[in-house]
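Residue numbers (UniProt numbering), protein chains in the order written: chain A, 1 to 405; chain B, 1 to 338.
Beta carbons are placed, not taken as given, at the ideal position from N, Cα and C, and that holds for glycine.
Predicted, not measured: the structure shown is a model, and the values here were computed from it.
Working notes, structure below.
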């Protein structure tokens, strides 16, 4: 037994909680936590007692009762006698649809506009600057209303397509009709054997990836350059078309036809969907263009010059050298733009698009009077969706970010 | 995360605390010196600002009558435009003292939403309007039509029921306000506009070519429209209820706005009780005895208000129909002032 002073045996005094730097931080954090919890509990009890004073309670039973209203855009079957919960599901699907369409379109527009803004062609780069500044600096709600309004005015009513000498006619071999109620496009009809065609199509897409990997390995190991573009195109079309004709054209098209008040058959892309989709896409596209431009400009000029010195052509420099490095800078702000699109899609009510804010947070809230419950559910939904998008994009970000070995 | 939860809770508590003020509505209105009345965002004849920016209309007159009865000044009203969606939240949160916005009296609104309907100032029903060029003469021919509806209203539910029970399909286009509906209907985005028949007549009156549009004969629902207040403050509910009844009784007894402005002793005891020259009805209500006289003097009796705003001499041109006095075969029947 040596006489090493054992600090662990020192008796613990309460005053140490304040005077001992080892405990002080913990003490204050604990006090702050208790205070915060007490405060929140007080706010909640205040809320519940006020609700009780007004004779209201929190109950989600209304979700199981019949909704009683109709919804125009139905991705899953729905009827006015279905429940409020199903109406909310319909709204959620409509939100996800428009958010997905707008995210995809905004990315394409944004990348093209961002790259072109750096073009050496004065006219193109100025045009892109005008696009970015014009769309970024006008509120998205205004763009939604403008597109919706223009759509209503310039396109004819379905009635105009009627008669022997109609004022308006369908385009592309009578398959697409532009009306002020939306665009009617043909709908594919899946007959027996269509599953094989789809399977062949999916397989050929996988085939393209396999081929490109093979071509790259061939290039790295032997220096032999295959014409990837033409061969990929061939893989994309030839097997699918072969299967389609061999199986006797199992996928037909149902063209929209004027019947009664409206076009029947085909798929109707409603004016409200188009307005919301394009407005969100071009508005957010302008922000993405700026992200892309910033990302590209952040890649050192020396990289471009070095690639040029190696004899790479400008589009290869962009694809092989600049963009892969720029992606690291572009992805994180891109995530927040995707979140913005999803949240801004709740402006749908301005044009009567039945998203989840329109069904659960609009009609259901109004008809049942359960404001608190509906808003809580809405918050939960948007929170879940935003966190999911951000999680997925973070996985992608991790795969492209600078790896330190 | 923790921070956003905290701010959310703070906002909730703030909202909730606002509604919890323990003061009766009458005290609140008298202290404020102004009545806050929820009206529609603009429906000509019922509630719309005129060229001078003054609100006028059939529903507005009810607000003015209540303000005159309580505060003695028909112009002491702040009109708060509400949409079909926001109206109940506004009333429930205490932002407005009463709602006079073509609101249908239904069981669930009265019982479940905790409101108190103080009577009916217009007996209405849901109708359909179509362009005359469509060649439709009955609502049963509307299979497959695109229909504009104001969202958050009973018409939305009636419409679903009507088409369902007739085995027809339709495409609903939900719209927030009457003005937007008008725009879309005129642009031909929808074939049909449906709302209360009185609202259709009022909307059509504001069209550039009203003659190009027809109302279909079918009335598919009962829509008793009336002013409402929050449940629980019975005194305030009584004031609004009996102000409306005073306007109706005044017409029945032949008391005009001009008569009420200078009340004279009458041979009819009920007229005296109504105008406060006899009896203490006003004191029972917590007001003074001349309250009803002021309410009637504000914009006239029920009949005068009807004729001035939506009657046959106006562009809207509604006939009295169900809204005539019971003595003339209508449904208006006020309990006696006794």
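Boundaries of the beta strand (DSSP E) around residue 195/B: 192–196. With 16 or more neighbouring CB atoms inside 10 Å of its own CB, residue 287/B falls in the buried class. By the criterion of at least three beta-carbon pairs nearer than 8 Å, the segment 127–145 of chain A is not in contact with the segment 373–382 of chain A. Taking a contact as a CB-CB distance under 8 Å, the pair residue 174/B and residue 358/A counts as one, their CB atoms being some 7 Å apart. Residue 152/B sits close to residue 85/B, with the two beta carbons spaced by under 7 Å.
Neighbourhood of residue 167/A in chain B, by CB distance below 7 Å: empty, with the nearest CB roughly 12 Å away. Within a 10 Å sphere around the beta-carbon of residue 322/A sit 16 or more other beta-carbons, which makes this residue buried. Around the beta carbon of residue 217/B, fewer than 16 other beta carbons lie within 10 angstroms, which makes this residue exposed.
Taking a C-beta cut-off of 8 Å against chain B, the contacting residues of the segment 64–76 of chain A are 68, 69, 70, 71 and 72, listed in chain order. Contact with chain B is absent for residue 336/A, since none of that chain's Cβ atoms lies less than 7 Å from the residue's Cβ. At least one CB of chain B lies nearer than 7 Å to the CB of residue 261/A. The beta carbon of residue 279/A sits closer than 7 Å to the beta carbons of 140, 143, 144 and 147 from its chain, once the five residues preceding and following it are set aside; these are given in chain order. Think of a sphere of 9 Å around the beta carbon of residue 349/A: the chain B residues whose beta carbon falls inside it are 85, 151, 174 and 176, in chain order. Comparing C-alpha distances from residue 61/A to each of 42/A, 79/A, 84/A and 93/A shows the shortest one belongs to 84/A.
According to the DSSP secondary-structure assignment, residue 187/A is paired through a beta bridge with 254/A. CA-to-CA, the gap between residue 187/A and residue 187/B works out to about 27 Å.
A straight-line Cα-Cα distance of about 32 Å links residue 89/B and residue 249/B. In the three-state DSSP reduction, residue 314/A falls in the helix class (H, G or I). For the pair residue 150/B and residue 195/B, the CB atoms are nearer than the 7 Å cut-off. Contact with chain A is absent for residue 216/B, since none of that chain's Cβ atoms lies less than 7 Å from the residue's Cβ. For residue 181/A, a Cβ of chain B is located within less than 7 Å of the residue's own Cβ. Here DSSP, grouped into helix, strand and coil, assigns residue 260/B to helix. Put simply, of 338/A, 161/A, 314/A and 388/A the residue whose alpha carbon is nearest the alpha carbon of residue 120/A is 314/A.
With a 10 Å radius around the Cβ and a threshold of 16 neighbouring Cβ atoms, residue 191/B comes out buried. Within chain B, no residue has its CB atom less than 7 Å from the CB of residue 29/A, the nearest being about 12 Å off. Residue 310/A and residue 223/A have their C-alpha atoms roughly 15 Å apart.
For the 7 Å CB-CB criterion, residue 240/B and residue 118/B form a contact. The beta carbons of residue 155/A and residue 179/A sit closer together than 7 Å. If you draw a straight line from the Cα of residue 259/B to the Cα of residue 234/B, it is about 30 Å long. A direct Cα-Cα distance of roughly 35 Å separates residue 290/B from residue 222/B. In this structure residue 277/A is buried. Its beta-carbon is surrounded by 16 or more other beta-carbon atoms within 10 angstroms. Comparing alpha carbon positions, the residue from 236/B, 318/B and 246/B closest to residue 28/B is 236/B. In the DSSP assignment, residue 44/A falls outside any beta strand (DSSP E) and within the unbroken alpha helix (DSSP H) covering 21–53. According to the DSSP assignment, residue 263/A belongs to no alpha helix (DSSP H) but to the beta strand (DSSP E) extending over 262–264. At a cut-off of 7 Å between beta carbons, residue 199/B makes no contact with chain A. Note on geometry: alpha-carbon atoms of residue 30/B and residue 68/B lie some 12 Å from one another.
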